[in-house]
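Asker:
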Amino acid sequence: MNMTMVQAINRTLAQEMERDDRIIILGEDVGRDGGVFRATDGLFEAFGPERVIDTPLAESAIIGASIGMTALGLRPVPEIQFMGFIYPAFNQIISHVARLRNRTRGRFTVPLTIRTPYGAGVKALEHHSESTEALFCQVPGLTVVVPSSPYDAKGLLAASIRSEDPVIFLEPTKLYRAEKQDVPEDPYELPLRRAAVVREGKDLTVVAWGAMIPVARKAAEAAAADGVEIEIIDLRTLCPMDRDTIVASVKRTGRAMVVHEAPKTCGLGAEIAATIGERALLSLNGPVLRVTGHDITVPLPKSEDHYYPGPERVLRAVRQLMEY
Amino acid sequence: MNMTMVQAINRTLAQEMERDDRIIILGEDVGRDGGVFRATDGLFEAFGPERVIDTPLAESAIIGASIGMTALGLRPVPEIQFMGFIYPAFNQIISHVARLRNRTRGRFTVPLTIRTPYGAGVKALEHHSESTEALFCQVPGLTVVVPSSPYDAKGLLAASIRSEDPVIFLEPTKLYRAEKQDVPEDPYELPLRRAAVVREGKDLTVVAWGAMIPVARKAAEAAAADGVEIEIIDLRTLCPMDRDTIVASVKRTGRAMVVHEAPKTCGLGAEIAATIGERALLSLNGPVLRVTGHDITVPLPKSEDHYYPGPERVLRAVRQLMEY
Amino acid sequence: MIERFDPLKGERLQILDEKGSARAGLDPGLSDPELRAMYERMVLTRTVDAKALKLQRQGRFGTYASNLGHEACQVGLASAMTKGDWLFPYFRDLGLYLTLGYPLADHYHFWMGNEAGLRTPDSLNIYPVAIPVGSQIPQSVGAGLAARYRKLPIAVVATFGDGATSEGDFHEGLNMAGVFRTPNVFFCVNNQFAISVPRAKQTAAATIAQKAAAYGFPGVQVDGNDILAVHAAAREALDNARNGKGPTLIEAYTYRMGDHTTSDDSGRYRTKEEVREWERRDPLLRLRLHLEKKGLWDAKLEKELQDRSTELVEKAVAEAEARPPATVEDLFAYTYAEMPPDLAAQLEDHKAFLGEAAR
Amino acid sequence: MIERFDPLKGERLQILDEKGSARAGLDPGLSDPELRAMYERMVLTRTVDAKALKLQRQGRFGTYASNLGHEACQVGLASAMTKGDWLFPYFRDLGLYLTLGYPLADHYHFWMGNEAGLRTPDSLNIYPVAIPVGSQIPQSVGAGLAARYRKLPIAVVATFGDGATSEGDFHEGLNMAGVFRTPNVFFCVNNQFAISVPRAKQTAAATIAQKAAAYGFPGVQVDGNDILAVHAAAREALDNARNGKGPTLIEAYTYRMGDHTTSDDSGRYRTKEEVREWERRDPLLRLRLHLEKKGLWDAKLEKELQDRSTELVEKAVAEAEARPPATVEDLFAYTYAEMPPDLAAQLEDHKAFLGEAAR
Ligand SMILES: Cc1ncc(C[n+]2csc(CCOP(=O)(O)OP(=O)(O)O)c2C)c(N)n1
Ligand SMILES: Cc1ncc(C[n+]2csc(CCOP(=O)(O)OP(=O)(O)O)c2C)c(N)n1
Ligand SMILES: [Mg+2]
Ligand SMILES: [Mg+2]
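Residue numbers (my numbering), protein chains in the order written: chain V, 22 to 345; chain W, 22 to 345; chain H, 12 to 370; chain D, 12 to 370.
(1) Got a sec: which bits of the segment 85-114 of chain W sit with their beta carbon under 9 Å from any beta carbon on chain D, in order along the chain?
(2) With the cut-off set at 8 Å, would you say Ile189(W) and Phe157(W) are in Cβ contact?
(3) What would DSSP say about Glu303(H), mapped onto helix, strand or coil?
(4) With distances taken between CB atoms, is the gap from Val319(V) to Ala141(V) smaller than 8 Å?
(5) In terms of DSSP beta bridges, what is Arg136(V) paired with?
(6) Whole angstroms are fine: how far does the CA of Asp293(D) sit from the CA of Ile142(D)?
(7) Would a C-beta distance cut-off of 8 Å place Phe3(D) and Val241(D) closer than the cut-off?
(8) Within the 8 Å Cβ cut-off, does Gln221(D) reach chain H?
(9) Quick one: residues in its chain with C-beta nearer than 7 Å to the C-beta of Glu51(D), no 5 flanking neighbours on either side, listed in chain order?
(10) Is the closest heavy atom of ligand 2 to the C-beta of Pro143(D) under 7 Å?
(11) Spell out whether any CB of chain W is found under 8 Å from the CB atom of Pro114(H).
(12) Just to confirm, does Ala155(V) get its C-beta within under 7 Å of one of the non-hydrogen atoms of ligand 3?
(13) Leaving out five residues before and five after Lys223(V) in sequence, what residues of the same chain have Cβ atoms less than 8 Å from its Cβ?
(14) Is it buried or exposed for Lys376(H), if we count other Cβ within 10 angstroms and need 16 for buried?
(15) Residues of chain H with CB closer than 9 Å to the CB of Val190(D), please, in chain order.
(16) Listing by chain order, which chain D residues have their CB less than 8 Å from the CB of His271(H)?
(17) Taking 7 Å as the cut-off, is the CB of Val200(D) close to at least one heavy atom of ligand 2?
(18) Can a CB atom of chain D be found closer than 8 Å to the CB of Glu242(W)?
(19) My guess is that Ile45(V) and Leu95(V) are in contact by the Cβ rule of under 8 Å, so how many angstroms apart are they, rounded?
(20) On the three-pair Cβ rule with 8 Å, is the segment 72-92 of chain H touching the segment 220-240 of chain H?
(21) What runs of the alpha helix (DSSP H), each 4 residues or longer, lie entirely inside the segment 159-214 of chain D?
(22) Taking 7 Å as the cut-off, is the beta-carbon of Asp275(H) closer than that to any non-hydrogen atom of ligand 3?
(23) With a cut-off of 8 Å, does the C-beta of Glu322(D) fall near any C-beta of chain H?
(24) Below 8 Å between beta carbons: does that hold for Phe181(D) and Ala188(D)?
(25) Spell out whether any CB of chain D is found under 8 Å from the CB atom of Phe228(H).
(26) Three Cβ pairs or more, each shorter than 8 Å: is that satisfied between the segment 36-43 of chain V and the segment 215-229 of chain V?
(27) How would you call Leu365(H), buried or exposed, if buried means at least 16 neighbouring beta carbons within 10 angstroms?
(28) Would you say Glu332(H) lies against chain V (beta-carbon separation less than 8 Å)?
(29) Run through chain H and tell me which residues come within less than 8 Å of Ala79(V), C-beta to C-beta.
(30) Going by the CB atoms, is the gap between Tyr101(D) and Thr170(D) shorter than 8 Å?
(31) Would you say Ala237(V) faces chain H, with C-beta separation under 8 Å as the test?
(32) Against Ala82(W), what residues of chain H qualify as contacts under a CB-to-CB distance less than 8 Å, listed in chain order?
(33) Starting from Gln159(V), find everything on chain W with Cβ-Cβ shorter than 8 Å and list it in chain order.
(34) Output needed for Ala18(V): all residues of its chain with C-beta closer than 7 Å, excluding positions within five of it in sequence on either side, in chain order.
(35) Should Arg281(D) be listed as close to ligand 2, given that the test is whether its C-beta is under 7 Å from any heavy atom?
(36) On the three-pair Cβ rule with 8 Å, is the segment 204-221 of chain H touching the segment 152-161 of chain H?
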């Protein structure tokens, strides 16, 4: 069926809840309102207020309560309304979600999936454009997943919900309704911890995820017109990272670039560049470039375009690297 | 005068408070108790309860209130009792401390200095060994400073307190009383944003900070016995980072290594390695190695030594790199 | 007066009834010009709000949070504040901004998507809009501590919604204020909703005001559609703050008459009847009836006021829209006091990119 | 009974006076064996605690948080819990652990610095020690929601100190519990200090119990050195939770007789006289006097109990110390359900390093 990413997410949530009655959704406005992006639309009516819980406005309690649910064998799927509002829950996530398995040597695990819209490009108010995924990638125990299409969203969300590990599932706001895609009705999983080569090319590897995948694709098409064949890796799971796929590609192409919308410094691009430097140094024909947001706060709507990496900025870096 | 790092910090706080009555200390147990590490010992008696404030047990309010104080022109120096307990304040730090200057185009600034003990190596309970400095380094607007000696602690803390930007001042618990050093009585500043070459060498550059400096020094002495001369850069200000000093050194030595106690993935080592790859690729005789904590939670005391990078692990990496 | 209305006993301060009659013995005794000025401010607020909604529909504004129905809360509170007092606002505080003198064009400029609009004029003590719910509350307490330390005879006000009372920051802030008896007034606009979540699902406490019991200072619930009640309670609380008598929590009981923001569709979670029921209690109507009863208002004055307000609004829109856009430098210049070399390099590179793209 | 003691009126539930006499009409009617078992548990708790302090001084233990004075709170609460109930503890809950059957050697093992000691036996519903203050509270509420969803007739207990009540998590958790009327019991051990900060500087509320007013459910203050009062209030609150009557906040008013932890020196912030004053109210003494009054206890039984407790403790220490240290694999194996290749590589590398170092 043809559907948008937000519809694919909605469908997946419904199917997973039908399959497994341990799954509980909770968050702000997820119930009667169906979520501010309608990701949980209809679930309250279908599954009732005990499984689709409109919580008070309290992010730390949303995640804390989700943890407590796992103690009794449930598999909560809390929603944080925007990634910019996940910080009040940071202590619960970093101190407990990520660590309870280790702390108790496996007695208590935390199989929850925290869903949250993320990323810029939709001209929103401050705090509604965050992409601080690298904060979570440096916390041992967490898994961070980002889909870049409706099809991937369905398969990755199902896999996240079924995972025994806690997952931060980041949904690129910009892609929620950007395209429709044919998405199978039957449930399916896409493997976590595995990157996908979504475009093959021999000259240069671009590593990206989420809303930067369409940007990279556009740049790749333009580059192809210049005779440069770009290979695009959609990371899908940001951590634990599929370094082998990245390294193998760069060994083939000899050139690498990371595109992400987070600020450059200490963004995930740093880890990817460092990994390539560690494992493919001798294959490199030039530095690993990072095309990213600037090291500033995402500007308000009028100036957002100056921040957000677009195909032109990627293409420019491609040219710089090819000429290196 | 000969003093430990914690004494140097205490002295600096006293002197800065004498110099500038806009400076206010607040936090848990900083008053009558003088702080759990005695960093604020005697200040309550000297400056009274309006300037050395024992707060309720509420980290978000400690930082939030500090922000509010800056609105009225004060320059608070809040203490978070351990870095592991800074996460409840994460929203105040990332959403406000870092951004108010930009949000108001310079009308409201946040000249505060958040002090917190950090790092492992002292066989503590869980959450008392955190070194998540890279979380803060990826937030535009923050400055992160770490001293590695009593002398540096005094000069860097004074500079941090006098800075117009918000500073996260991380005090390596392991070094609080590790050594005594001659520290001038008169106040002085060491420049922020500037790294220090604390040992010169021609063969290999080690970038480190805080408690890893003594570790790197020990390794360097052992390496010298093998005929390898290591240059050690003490980063001092982790962000904004003094990349020029790093790059210049690596261009000279041709080999680079980062040593930090945080887990490897997305630690600050990634940013340093990425920077070196970007700016000194052609000078490199081998990959930039990262000798770091493992990607696990810091273990409890009985097993902490397995986590913490020691001179032997550094030395081993030095040998690997020299043989590359 | 505040102490006379105990929220734990279900008491709520109301001075004006729905017909516009003031309850004897409670009337704060405002002068005629003061009353008229308040009404004018309320009408202006509503005009500014309606225009903002229109601009948003036309794509000339970003997402916007309507203010409809909150005029009495905002103008009642702001008119009790005096010069020197500080405001730590939330995102639905238009009437406060206007009453305290925030330039309307600046306010529009912000909602049009330019940070420059959040650069409070130096003469005003207004912190920027706090979007992370509740985060302004502990900040206001720090300002209260600072005011006391500096021996300033001022009060510090934080405003927030009913939803905000569930956040940890509400609790940590009020608790700290209680401990240090800071000169704070915590003003909760209980408009019955946090987006779609009704007040009854936000907390099981019968009132928000009674939460003050947890912090050792008084709380009072007032009719938030009754500007005299709001003003009277605010004035007393502000006086107490300024006079070292510690903080107060005021719950203004009102209703969010519009959608949460322009992205919201409140028809999904509440009935038209409920909204209509509250239209009867419109805060503007109530003060207008009161003014009419006192012979201070008529249709002609109303028409003149509407025209004047519209004119002011049109001028401000024109001014805001005529302002030049932010420069690229603006976006980079305020991250640090002094731009670090890396960031300067990013700025240069971006300018180079723009230059190339322009070619 | 809980509703009969209103914290807002300054009422506190006490059943045993300092001489060990029980107040008629309130006595929870425990059987003689039950009373004796409680006393035995209290003495064991104290013996375990004293040994821990000794081991710490000898360097055989890490930093340790003494439990002295909290025995009535802990044993009184735990003895009211029934199989199936859950505990979300904090870091000063020894008597709860012991009464609920947590293996003492495991507990020692944890404080000796090995995570294996936090691996709760599968038969026990005890979450691990929460060190970030207050963070266990919202977790316990989630467990309460889960219990209700699963239709389990159980209660969920969270324990915490007076200091914890200032944290946002306390507020968010209790507020959520109120909204959903979860089967929770919130048990605050008000021991008058959070490290050095006295209770009066922690909150301006006259009692902690009255904070329940903010959440729409009952709160009660009990004498925390009176095991009968603790037990009676806990039993009622637990019953209410199990029977769908919603949550309760219990404040156990007691005193931290020791230092905060072995790293603390409480002489810096409180007087010896104050401590001595509380020694008179020792919870063990009070129950022992009560037992003696009832003819259930004498010096001989006391001697036997002391000996038995010491023996148990020595055995547990020996067992904990005899356990093999964590393997390197243990440190890596529990970060994820399945070890990622990177981490496996780190583990292999570390083993290689250890191998080289051993050579
Ligand atoms: C920490 C945080 N979480 C979530 C949001 C998203 N959000 C914006 S407004 C709002 C509801 C606020 O309700 P209330 O406090 O009652 O204020 P009102 O909008 O009714 O004036 C929510 C959930 C946010 N801005 N901040
Ligand atoms: C979030 C957090 N902040 C600070 C600390 C450091 N700390 C440990 S115990 C403690 C005091 C706790 O006091 P209280 O809650 O009254 O419990 P008590 O120790 O008196 O039993 C503090 C500040 C912590 N563990 N967690
Ligand atoms: Mg509201
Ligand atoms: Mg305490």
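A virtual CB, placed ideally from N, CA and C, is assigned to each residue, including glycine.
Bear in mind the structure is a predicted one, so any value in this text is a computation, not a measurement.
Answerer: Looking at the coordinates:
(1) If the cut-off is 9 Å between Cβ atoms, the segment 85-114 of chain W has Gln102, Gly105, Phe106, Tyr108, Pro109 near chain D.
(2) yes
(3) helix
(4) yes
(5) Glu100(V), Phe190(V)
(6) 27 Å
(7) A question about residue 3(D) goes unanswered here, because the residues of chain D that appear run from 12 up to 370.
(8) yes
(9) Leu316
(10) yes
(11) no
(12) no
(13) Glu250, Glu252, Arg273, Thr274
(14) Limits of chain H in this structure are 12 at one end and 370 at the other, which puts residue 376(H) out of reach.
(15) Ser177, Ala211, Lys212, Gln213, Thr214, Ala215
(16) None at all; the shortest Cβ gap to chain D is about 20 Å.
(17) Within the cutoff, so yes.
(18) Cβ-Cβ to chain D under 8 Å: no for Glu242(W).
(19) In this structure Ile45(V) touches Leu95(V) by the C-beta definition: roughly 5 Å separates them, less than 8 Å.
(20) yes
(21) The segment 159-214 of chain D contains these whole alpha helix (DSSP H) runs: 179-191, 210-213.
(22) no
(23) It does not; no Cβ of chain H falls within 8 Å.
(24) no
(25) With 8 Å as the cut-off, Phe228(H) counts as an interface residue toward chain D.
(26) Taking 8 Å as the limit for Cβ pairs, the verdict is that the segment 215-229 of chain V does not touch the segment 36-43 of chain V.
(27) exposed
(28) no
(29) Correct list: Ser177, Glu178, Gly179.
(30) It is a contact, given that the beta carbons lie within the stated cut-off.
(31) no
(32) Pro149, Val152, Asp180, Glu183, Gly184, Asn186, Met187
(33) Thr153, Ala155, Leu156, Ala283, Pro284, Thr286, Cys287, Gly288
(34) Residue 18(V) lies beyond the stretch modelled for chain V, which goes from 22 to 345, so this question has no answer here.
(35) no
(36) Here the segment 204-221 of chain H makes no contact with the segment 152-161 of chain H; the two share fewer than three CB pairs at distances below 8 Å.
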